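Numbered by the working numbering, the letters in the sequence shown go through residues 63 to 435 in order.
Contents: one structure, followed by commentary.
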Amino acid sequence: MHVLEQIYDAAITQHYCYQTIRGAEKSTIYKWYFSQLPRMTLEGVLSQLQLLPAVWPRTLPGYQVPRNSARSFCRQCGQGLCPDIKCRGTLLVAEQECSNCHASVTWRNQKYVGRIPGINLALSCAILFSGSTPTKALHMLDILGVQSIGYSSFMEHQRNFLQPAVKEVWLAEQKAVLQVAKQAEGGAAVGGDSRCDSPGHCAKFGSYSLMELQSGKIIDVQLVQSNEVGGSYHMELEGLKRCWKTLTKNRVKVKTLVTDRHVQIRSYIKKDVAMKDVDHRFDVWHIAKSFKKKMLAVQGKDAQNFRARSRARMLRQKHPCDPMRKDIPMLSPMEQTSELEAYHSVVNQFSPKMIGFSYFGMTCRVHCFDFYL
């Protein structure tokens, strides 16, 4: 079963749990969802709207239900029928009642999942799982004239069903990855790096990701809010601490930890007793990037107070840099965090920077992409 199928199944289960809490009666869960939607994409959802007209008018005068779906005449007495059409999001309901014998017929273009129209819930899933924002996606459908759900309906689906479902499936997938990391011979090699929700030093959220470098699977993702730690600069260290607690709780032995050259992390690993046996290494790409920035920063400055004899020393390329010499022995000879950087670059499609999300919304979007790895 595809992971997104598990999320959708969990979302339906969350819907029934939610309805049970509210006192609603339990009913049979339809096994309709992925037989019609093989992949949770927006195109797949829109393909299910074939019974709706391509351009849906604001008002529905004279709109006729397709003949193969609704009858024009009563089966019992042959009297002509006039359908009464109602819409609820993508749901189209045609109610027909015979004025002669009062026989009634109701036709729907989709099945229900509990009390929610199936395509309404599937559309909310598609918007979230594709990394789209509900405002733009629903506005696009509105411009096309396609009947769709509203923003408040999406937020209700996300809050009550999708976010709990993503969390449930994420914990199940994380448990399997932790089990594999626990069985690594000699200990697991992990890489960690942070990602902020906005550039600069004004970020509100920072997610710290820990990847098992042999398999390329995400072990843990911790979301830190800046006001929890007193500023965005301290979010990376707090994220590493929380990820390390997850590893300790699940008894995962770590042989090598590869990170960037973060001063707080470097100092913390040296002082922390629990991490004394961990071989802390620096990622080569981060070191090279930092060195390049420093070289570009000083290239515009003029050299001053140079003596004539110092030119020969410059030509012999004797330019000691003590901080750089200390970092070279700590460079990782094998494991690198390039896959983790690629992961963060694609996460930007699911949770774009400069777009504000709630804490649970950001967590949900970060976890959604982990299922594609």
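The beta carbon of each residue, even a glycine, is placed where N, CA and C say it ideally should be.
Bear in mind the structure is a predicted one, so any value in this text is a computation, not a measurement.
Helix, strand or coil at residue i [DSSP, three-state]
| i | result |
| --- | --- |
| R120 | Its pLDDT being 36, under 50, R120 is placed unreliably by the model, and nothing is read from it. |
| V335 | coil |
| S407 | helix |
| C426 | helix |
| R323 | coil |
| Q172 | coil |
| I205 | helix |
| Q396 | In the sequence on display, residue 396 carries Met and not Gln. Three-state result, M396: coil. |
| M416 | coil |
| G212 | coil |
| K315 | coil |
| H342 | strand |
| E159 | strand |
| C139 | coil |
| Q245 | coil |
| A184 | helix |
| L309 | helix |
| A238 | helix |
| R177 | coil |
| L275 | coil |
| S260 | coil |
| G253 | strand |
| G292 | coil |
| G301 | helix |
| S194 | coil |
| A227 | helix |
| K148 | strand |
Neighbourhood of residue i by C-beta, 8 Å cutoff - its chain only, sequence neighbours within 5 removed
| i | result |
| --- | --- |
| Y213 | P196, T197, L200 |
| A265 | C258, D259, S288, S294, M297 |
| C139 | C160, N162, C163, A165 |
Proximity test, Cβ basis, 7 Å: residue i and chain C
| i | result |
| --- | --- |
| S277 | The question asks about chain C, but that chain is absent: this structure has only one protein chain. |
Nearest to residue i (by Cα), restricted to the options the options
| i | options | result |
| --- | --- | --- |
| E274 | K355, E298, V242, T310 | V242 |
| E397 | L203, E218, Q276, P145 | Q276 |
| H324 | G253, L299, D282, G193 | L299 |
| V208 | N182, L302, K388 | N182 |
| W169 | G253, I147, S329 | I147 |
| V409 | Y174, S192, C139 | S192 |
| S215 | E230, K315, G151, V175 | G151 |
| A25 | Q236, K351, K315 | The requested residue 25 does not occur in the structure, where the chain is confined to residues 63 to 435. |
| I390 | R427, A350, T310, L154 | A350 |
| A404 | F344, G253, Y421, L309 | G253 |
| T308 | Q236, A251, V228, F344 | Q236 |
| Y330 | K244, L206, A359, K303 | K303 |
| T310 | L358, K244, C149, K332 | K244 |
| A251 | V175, M217, R177, V340 | V340 |
| A234 | A246, I280, M217, I205 | I280 |
Check whether residue i and residue j have beta carbons under 7 Å apart
| i | j | result |
| --- | --- | --- |
| S260 | G301 | no |
| C305 | D282 | yes |
| G249 | K317 | yes |
| V320 | T425 | no |
| L285 | V346 | no |
| L240 | N312 | yes |
| F179 | L153 | The question names Phe, yet the displayed sequence has Pro at residue 179. Yes, these two residues count as a Cβ contact at 7 Å. |
| H348 | D322 | yes |
Other residues of its chain near residue i: CB distance less than 6 Å, five sequence neighbours each side excluded
| i | result |
| --- | --- |
| L190 | L224 |
| E159 | S166 |
| E401 | G278 |
| W232 | H429 |
| Q326 | L299 |
| E157 | D146, T168 |
| F422 | Q225 |
| R427 | F412, S413 |
| H406 | R257 |
| P395 | none |
Sequence-distant residues of its chain with Cβ nearer than 7 Å to residue i (five each side left out)
| i | result |
| --- | --- |
| V291 | M297, E300 |
| I417 | T195 |
| L185 | V107, T152, S210, I211 |
| F419 | S413, R427 |
| S352 | R323 |
| C149 | Q209 |
| K388 | none |
* Is there contact between the segment 258 to 274 and the segment 219 to 229, where contact requires at least three CB pairs shorter than 8 Å? -> no
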